[in-house]
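Q: Take a look at the following structure, please.
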């Protein structure tokens, strides 16, 4: 084999080879190094075991070509080194490189449902298990049985942030069983940030007996359905480091098209005894069928008797929403939200996150500031999406400048 020759694919008859791109040439140079490595290794013995890739193409015209997945002992022929390099992927006996991957996001359920992709996913997670700190799975639509097998085998000792999300806002059903996710969480006590969407909530907690053993002792931030948050806070020993809680108004079309806001109020009453230790409380609204306005109005009507008025230690509030749930527009809902914010006695920072129709715009700012001045005079700063926080006392609308 010539030392400086890069193997190239033969061009179809009548069609000349096109110049190789720089990336392709680099790839072939790397392949050549592998071929040279295994050629040198094979020369040391008269008999060599030929490793074959599971994707190797079977050549019916060459009886010496092994079929995919077959290891066959053959008499070594140095003249066949080049031809063999084209029909199998060499398997290295060298120590694999140390993993460096710290964050991984899978943005499609195909990574769990397709056998070939699932195999890749398992291998990738196994390889980087010692270094992976952040894992996000946007695969909530995957079948329940897939989740059960996948989560039961997953072990990531360095994991500190875990998120299960869905590619769609309305799931026909919650495919991740509560027992499966609880088993996973119990094996990963190092998790600090947790976000769950598409997890069964109706029967998951009753089907999972409380062993009394605390889980997630290092948890500092959580976003989940109120029922899940209630379970996490079921006793004082649970989640002692928790600082941020986001209540998710998640609903599934196979159960109901609406969210039960009674569950939200029950969870708020359970959060209240811990509120003096919290830095932030928030709501992520993903349902908008009239019940949201009714829930907001119920607290406004209660006034000082609203449970929210008891959160005297809460200074930061976040209002998050799905892309079609409008909080700032129309003005009637903005007024409701401002009045709800006014129920928190010592609130001084209000954040609107993921609000639609206001990206790279400023015309929404004066109405927001005006509503807060009217209904939430205790609020000192407001932030909308990724814009710079606004000092309400210093803000002047364009009309007054």
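In my numbering, the protein residues as written are 8 to 408. All C-beta atoms in this analysis are idealised placements derived from N, C-alpha and C, irrespective of residue type, glycine included. If you're wondering where the values come from, they're calculated on a predicted model, not measured in any experiment.
Nearest to residue 369 by alpha carbon, out of 352, 349 and 390?
A: Minimum Cα distance to residue 369 is reached at 390.
Q: Going straight from the alpha carbon of residue 184 to that of residue 202, what length do you get?
A: Residue 184 and residue 202: Cα-Cα distance of roughly 15 Å.
Q: If contacts are defined as beta-carbon pairs under 8 Å, then residue 166 and residue 139 qualify, I think. What distance do you get, rounded to the angstrom?
A: At roughly 6 Å, the Cβ-Cβ gap stays under 8 Å, so residue 166 and residue 139 are in contact.
Q: If we count the other Cβ atoms within 10 Å of its Cβ and call it buried at 16 or more, is residue 149 buried or exposed?
A: By the 10 Å Cβ count, residue 149 comes out buried.
Q: Give me the Cα-Cα distance between residue 61 and residue 123, rounded to the nearest whole angstrom.
A: Caution is warranted here: a pLDDT of 35 is assigned to residue 61, below 50, making its placement in the model unreliable, and the coordinate value is therefore given only provisionally. Computed Cα separation, rounded: 12 Å.
Q: Look at the alpha carbon of residue 321 and the alpha carbon of residue 225, and state the distance between them as a whole number of angstroms.
A: Distance between the alpha carbons of residue 321 and residue 225 is about 21 Å.
Q: Near residue 196, which residues of its chain fall below 8 Å by C-beta distance, leaving aside the five closest residues on each side in sequence?
A: Hits under 8 Å: 222, 223, 224 and 225.
Q: Taking the alpha helix (DSSP H) that residue 158 belongs to, which residues open and close that run?
A: Run containing residue 158: 151-160, per the alpha helix (DSSP H) assignment.
Q: Just tell me which of 374, 350 and 168 has its CA closest to the CA of residue 304.
A: Of the listed residues, the one whose Cα sits closest to residue 304 is 350.
Q: DSSP three-state label for residue 183, please.
A: Of the three classes helix, strand and coil, the one that applies to residue 183 here is strand, per DSSP.
Q: Compute the Euclidean distance between the alpha carbons of residue 254 and residue 298, then round it to the nearest angstrom.
A: For residue 254 and residue 298, the distance between alpha carbons rounds to 16 Å.
Q: Determine the extent of the beta strand (DSSP E) in which residue 328 is found, giving its start and end residues.
A: Note, residue 328: beta strand (DSSP E), 323-328.
Q: At what residue ranges does the segment 230-293 contain a whole run of the beta strand (DSSP E), taking only runs of 3 or more?
A: Here the runs fully enclosed are 251-256 and 287-292.
Q: Would residue 182 be called buried (16 or more neighbouring beta carbons within 10 Å of its own) or exposed?
A: Classification of residue 182: buried, given that the 10 Å Cβ count is 16 or more.
Q: So for residue 386, helix, strand or coil by DSSP?
A: DSSP places residue 386 in coil when its eight states are reduced to three.
Q: Here's the rule: buried if 16 or more other CB atoms are within 10 angstroms of the residue's CB, otherwise exposed. What is residue 338?
A: By the neighbour-count rule (16 or more Cβ atoms within 10 Å), residue 338 is not buried but exposed.
Q: Starting from residue 399 and walking both ways along the beta strand (DSSP E), at which residues does that stretch end?
A: Taken as a continuous stretch (DSSP letters only), residue 399 belongs to no beta strand (DSSP E), as it is neither H nor E.
Q: Give me whichever residues DSSP pairs with residue 141 in a beta bridge.
A: Looking at the DSSP assignment, residue 141 forms a beta bridge with 110 and 168.
Q: What residues in its chain sit with their C-beta under 6 Å from that of residue 281, if we drop five residues either side in the sequence?
A: No residues qualify anywhere along the chain.
Q: Please report the residue range of the beta strand (DSSP E) in which residue 358 lies.
A: 356-360 is the extent of the beta strand (DSSP E) around residue 358.
Q: Could you compute how far the alpha carbon of residue 188 sits from the alpha carbon of residue 257?
A: Computed Cα separation, rounded: 17 Å.
Q: Please check the pair residue 355 and residue 387, which I expect to be a contact at CB under 8 Å, by giving their CB distance rounded to whole angstroms.
A: 4 Å between Cβ atoms; contact.
Q: Where does residue 332 fall in DSSP's three states?
A: Three-state result, residue 332: coil.
Q: Apart from the five residues just before and just after residue 144, which ones in its own chain have a Cβ nearer than 6 Å to its Cβ?
A: Correct list, in chain order: 113 and 171.
Q: Between which residues of its own chain and residue 135 is the CB-CB distance below 6 Å, once the five residues before and five after are set aside?
A: Within the same chain, residue 135 has close Cβ partners 106 and 108.
Q: How about residue 379 and residue 399: do their beta carbons lie closer than 7 Å?
A: Taking 7 Å as the Cβ cut-off, residue 379 and residue 399 qualify as a contacting pair.
Q: Would you kindly report the start and end of the unbroken alpha helix (DSSP H) that includes residue 301?
A: Taken as a continuous stretch (DSSP letters only), the alpha helix (DSSP H) holding residue 301 covers 298-309.
Q: Among the candidates 235, 111, 220 and 311, whose CA atom is the shortest distance from the CA of residue 205?
A: Checked all of 235, 111, 220 and 311; the closest Cα to residue 205 is 235.
Q: What does DSSP give as the partner residues of residue 202 in its beta bridges?
A: 170 and 230, per the DSSP bridge assignment.
Q: Taking the alpha carbon of residue 291 as the point to measure from, which residue in 329, 317 and 313 has its own alpha carbon closest?
A: Nearest C-alpha to residue 291: 329.
Q: Express the C-alpha separation of residue 111 and residue 141 in angstroms, rounding to a whole number.
A: Approximately 6 Å, taken between the alpha carbons.
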